[in-house]
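Data block below; observations after.
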Amino acid sequence: MKVDWYNNCALRRTLAIYGFVLIWLITELNTFFLKHIFAVDTSHPLVFSRIFLLAFISAPTIRQFYLFATDPRIKRMGMQSWVYVAICTLEASICIKFGRPQLPRVKLTLIVSWICFMAVGTFASVWMSVWWVKTFTKTKKVNINGCLRDCYLDSSHENLGTLTDELVNFTRSFCCKQTCDEVRVRFAPSPTGNLHLGGLRTALYNFLFARSQGGKFILRIEDTDQQRLVPGAVQQIEATLDRYKLFRDEGPSNSGKFGPYLQSERKAVYRDAVEQLIDSGNAYRCFCTKTRLDMLRREAARRHEVPKYDNHCRGLTYEEVKRRLENGENYAIRFKLERKEVCFEDQIFGEITQNSNEGDFILMKTDSFPTYHLANVVDDHQMRISHVIRGSEWLTSVSKHIQLY
Numbered sequence: 002m003k004v005d006w007y008n009n010c011a012l013r014r015t016l017a018i019y020g021f022v023l024i025w026l027i028t029e030l031n032t033f034f035l036k037h038i039f040a041v042d043t044s045h046p047l048v049f050s051r052i053f054l055l056a057f058i059s060a061p062t063i064r065q066f067y068l069f070a071t072d073p074r075i076k077r078m079g080m081q082s083w084v085y086v087a088i089c090t091l092e093a094s095i096c097i098k099f100g101r102p103q104l105p106r107v108k109l110t111l112i113v114s115w116i117c118f119m120a121v122g123t124f125a126s127v128w129m130s131v132w133w134v135k136t137f138t139k140t141k142k143v144n145i146n147g148c149l150r151d152c153y154l155d156s157s158h159e160n161l162g163t164l165t166d167e168l169v170n171f172t173r174s175f176c177c178k179q180t181c182d183e184v185r186v187r188f189a190p191s192p193t194g195n196l197h198l199g200g201l202r203t204a205l206y207n208f209l210f211a212r213s214q215g216g217k218f219i220l221r222i223e224d225t226d227q228q229r230l231v232p233g234a235v236q237q238i239e240a241t242l243d244r245y246k247l248f249r250d251e252g253p254s255n256s257g258k259f260g261p262y263l264q265s266e267r268k269a270v271y272r273d274a275v276e277q278l279i280d281s282g283n284a285y286r287c288f289c290t291k292t293r294l295d296m297l298r299r300e301a302a303r304r305h306e307v308p309k310y311d312n313h314c315r316g317l318t319y320e321e322v323k324r325r326l327e328n329g330e331n332y333a334i335r336f337k338l339e340r341k342e343v344c345f346e347d348q349i350f351g352e353i354t355q356n357s358n359e360g361d362f363i364l365m366k367t368d369s370f371p372t373y374h375l376a377n378v379v380d381d382h383q384m385r386i387s388h389v390i391r392g393s394e395w396l397t398s399v400s401k402h403i404q405l406y
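For the sequence shown, the working numbering assigns the number 2 to the initial residue and increments by one for each residue that follows.
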């Protein structure tokens, strides 16, 4: 259940649910007539064609009806649903016409009683289901087209369909937490040298917040920049945290169910995420050479502008990308950044609005290592991080991370 369609709030949609269930019951009744009253052999073309028809029409019908029943902005059912109702009605009419001599044998009153019993049972089940969700699950009233609707936060946000961004965002923020509302924070340094005082302060804030909330403190090592990697830095970071008694609940040394906790060991995870973004049209392969990118930076400096990518490869056709891949050209993967205002709330700075007017940024470099932006968002999501406490220098990247998420 994704939005509130309680009887006293959305009678039309509730009756539509019952009506659709009744249509399915009639379909089952038609099957009963074919099999037991008319005694049609299973090898008969009529039976085969009926199974074929139901198999291909049922799935889209259920999907269309589901959207109508759960999305207040959809005003009518899809055409597929009406086609299914028409077929079911025609089939029932044929059964009645040719099965009338057999009806006294099967006691029509029993059939009507059976349908009524199933309808009442469906009514009771739906009513009890909604009552249970409203009583024992976490909900939030969300304004959808001027009407306050109940958002059931423990529903999967991937199944929210065409509901509003506000509802999806509420659900996403809830689903990022554990089912027991556990606070999970992470300290994610780069192993490029000794842990400095600013990094230790960030770790301390994360540790104290986790302990004050009865949550978990996680150490994650962001070692995607292999050129700046210092051997032994990971061990030095852990030793420093131990020295100041900032003990981790999860990390490279003490493991955990969301590991590994070294980003260099999570390349397959990032590759899967990037492939999903490409397949969904939210990312693309960029074949621009270092020479061309340097030229863009010099041109921006000449104009006294902030350097940014000109999205040159965003419009490459499928054939062009395929040809370049076959030629063995190196490529990076960039995110299609939308130029729009992004609003979010920071616990320190309050409500912030940022304009995402930069060029498309890199998600994965030519060496197949992810950038900070991709690895940070993917890891925070998969490790169920509930709060992000980090330096204010990362505040300007939040709009990118929100769009990427």
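Every residue gets a Cβ at the ideal spot worked out from N, C-alpha and C, and that includes glycine.
These numbers come from a predicted model, not from an experiment.
- [ ] Measure the Cβ-Cβ separation of Arg267 and Ile219 and say whether it is below 8 Å.
- [x] no
TODO: Please check the pair Tyr406 and His382, which I expect to be a contact at CB under 8 Å, by giving their CB distance rounded to whole angstroms.
DONE: 7 Å
Open item on the list: According to DSSP, simplified to helix, strand and coil, what is Cys289?
Closed with: coil
Task: Segment contact, 8 Å Cβ cut-off, at least three pairs: the segment 364-375 with the segment 232-239 - done: no
Task: Residues of its chain near Cys344, where Cβ-Cβ distance is below 6 Å and the 5 sequence neighbours each way are ignored - done: Thr354
TODO: Any chance you could list the beta strand (DSSP E) runs of at least 3 consecutive residues sitting entirely within the segment 287-340, in chain order?
DONE: 333-336
Open item on the list: To the nearest angstrom, how far is the alpha carbon of Asp361 from that of Arg340?
Closed with: 10 Å
Task: Limits of the unbroken alpha helix (DSSP H) element including Asn207 - done: Per DSSP, Asn207 belongs to the alpha helix (DSSP H) from Leu198 to Ser213.
TODO: Could you round the C-beta distance between Cys314 and Tyr285 to whole angstroms and report it? I think they count as a contact, below 8 Å.
DONE: Confirmed, Cβ separation roughly 6 Å.
Task: Span separating the alpha-carbon of Trp128 from that of Phe118 - done: 15 Å
Open item on the list: Quick check on DSSP: helix, strand or coil for Phe188?
Closed with: strand
Task: Residue nearest to Pro232 in terms of C-alpha spacing, selected from Gly200, Asn207 and Thr193 - done: Thr193
Open item on the list: At the level of alpha carbons, what is the spacing between Thr290 and Ile390?
Closed with: 36 Å
Open item on the list: In whole angstroms, give me the CA-to-CA distance for Ala189 and Met296.
Closed with: 34 Å
Open item on the list: Cutting at 8 Å between CB atoms, please list the residues of its own chain near Ser357, excluding the five before and the five after it.
Closed with: Excluding sequence neighbours, Ser357 sits near Leu338, Glu339, Arg340, Lys341, Glu342, Val343, Ser400, Lys401 and Gln404.
TODO: Enumerate in chain order the residues of its own chain whose CB-to-CB distance from Ala333 is below 6 Å, with the five nearest sequence positions on each side excluded.
DONE: Cβ neighbours of Ala333 beyond the five flanking positions: Cys287, Ile363, Lys366 and Thr367.
Task: Cα-Cα separation between Val86 and Ala125, rounded to whole angstroms - done: 24 Å
TODO: Give me the Cβ distance between Asp380 and Arg221, rounded to the nearest whole Å; I'm assuming they're in contact under 8 Å.
DONE: 6 Å
Task: Under the three-state DSSP convention, the category Ser256 falls into - done: strand
Task: Three-way DSSP call (helix, strand, coil) for Thr354 in this model - done: strand
Open item on the list: I need the straight-line Cα distance from Asp226 to Arg185, nearest angstrom please.
Closed with: 25 Å
Task: 8 Å contact criterion, which Phe208 and Met384 should meet: CB distance rounded - done: Between Phe208 and Met384 the beta-carbon gap is near 16 Å, outside 8 Å, which marks them as no contact.
TODO: Express the C-alpha separation of Ala376 and Gly392 in angstroms, rounding to a whole number.
DONE: 17 Å
Open item on the list: Between the alpha carbons of Leu230 and Arg335, how many angstroms are there, rounded?
Closed with: 24 Å
TODO: Indicate the three-state DSSP secondary structure (helix, strand or coil) for Ile222 in the structure shown.
DONE: Under the three-state reduction of DSSP, Ile222 is assigned to strand.
- [ ] Could you have a look at Lys217 and say whether DSSP puts it in helix, strand or coil?
- [x] strand
- [ ] For Asp224, count neighbouring Cβ atoms within 10 angstroms of its own Cβ and tell me buried if that reaches 16, exposed if not.
- [x] Its Cβ being crowded by 16 or more others within 10 Å, Asp224 is buried.
TODO: Starting from the Cα of Ile386, find the closest Cα among Leu111, Gly216, Thr110 and Tyr206 and give me that residue.
DONE: Gly216
Open item on the list: Which of the three DSSP states is assigned to Leu278 in this structure?
Closed with: Collapsing the DSSP output to three states places Leu278 in a helix.
Open item on the list: Less than 8 Å between C-beta atoms, sequence neighbours within five positions excluded: which residues of the same chain meet that for Arg303?
Closed with: none
Open item on the list: Using the Cβ count rule (16 or more neighbours within 10 Å means buried), how would you classify Val113?
Closed with: exposed
- [ ] For Met384, name the three-state secondary structure that DSSP assigns.
- [x] coil
Open item on the list: Which residue marks the beginning of the beta strand (DSSP E) containing Leu364, and which one marks its end?
Closed with: Ile363 to Met365
TODO: Whole angstroms is fine: what's the gap from Ala274's alpha carbon to Glu327's?
DONE: 23 Å
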